[in-house]
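Sequence positions in the sequence shown follow our numbering and run 19 to 131. Data first, discussion second: the structure below is written as structure tokens.
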Amino acid sequence: QIQVPASSVPAGAEFGIYVSGDSMEPRYHNGQIVWVKRCEELECGDIGIFVYDDCGYLKKYDEHTPDKSQAEFLTDSYGVVHNQPVLVSLNTKYSPILISPEQRFEIVGKVLN
Numbered sequence: 019q020i021q022v023p024a025s026s027v028p029a030g031a032e033f034g035i036y037v038s039g040d041s042m043e044p045r046y047h048n049g050q051i052v053w054v055k056r057c058e059e060l061e062c063g064d065i066g067i068f069v070y071d072d073c074g075y076l077k078k079y080d081e082h083t084p085d086k087s088q089a090e091f092l093t094d095s096y097g098v099v100h101n102q103p104v105l106v107s108l109n110t111k112y113s114p115i116l117i118s119p120e121q122r123f124e125i126v127g128k129v130l131n
């Protein structure tokens, strides 16, 4: 744990995480703290913390319509086909991460800063 001035923590934040790497530049930089509120759902365009295939990510959340090969894995018990999550870096030198329905995926929370 570290101590930070309360004035630097956004209202509603439950915990902070250090940024590692440059995939979210220019908005977030290596070593910066992002402040997170736990949640299970995000809107497209929200910045979030995710666990995918046992790795943690700070990315922008997006969705796209699945192709036919993925649609069966994204269909619920009512026959509704859901959009496929995509994790997007703000730094354009990184490709988006298309979430495979066969892998473990969890939305940990929304970044507030």
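Glycine included, C-beta positions come from ideal geometry on N, C-alpha and C. Just so you know, these numbers come straight off a predicted model, no measurement behind them.
Kindly indicate which three-state DSSP category residue i falls into: helix, strand or coil?
| i | result |
| --- | --- |
| K77 | strand |
| E124 | strand |
| K86 | helix |
| L92 | helix |
State the Cα-Cα distance for the pair residue i and residue j, rounded to the nearest angstrom.
| i | j | result |
| --- | --- | --- |
| I115 | I67 | 14 Å |
| S26 | V129 | 14 Å |
| I125 | L105 | 11 Å |
| T93 | Y112 | 29 Å |
| G127 | V22 | 20 Å |
| S41 | Y75 | 10 Å |
| Q19 | I65 | 23 Å |
Between residue i and the rest of its own chain, which residues show a CB-CB distance below 7 Å, the 5 nearest in sequence each way excluded?
| i | result |
| --- | --- |
| T83 | N101 |
| E43 | L108 and N109 |
| E58 | I125 |
Identify, in the order they occur along the chain, each residue of the same chain with its Cβ nearer than 6 Å to the Cβ of residue i, setting aside the five sequence neighbours on each side.
| i | result |
| --- | --- |
| E32 | K55 and R56 |
| A89 | V99 |
Can you name, in chain order, every residue of its own chain whose Cβ lies under 8 Å from the Cβ of residue i, other than the five neighbours on each side?
| i | result |
| --- | --- |
| D80 | C62, G63, P103, V104, L105, V106 and P114 |
| R122 | V69, Y70, D71 and D72 |
Comparing C-alpha positions only, which one of the options sits nearest to residue i?
| i | options | result |
| --- | --- | --- |
| A136 | W53, E59 and K78 | Outside the shown range of the chain (19 to 131) lies residue 136, about which nothing can therefore be said. |
| L60 | G97, A24 and K77 | K77 |
Under the rule that 16 or more other beta-carbon atoms within 10 Å means buried, what is residue i, buried or exposed?
| i | result |
| --- | --- |
| G34 | buried |
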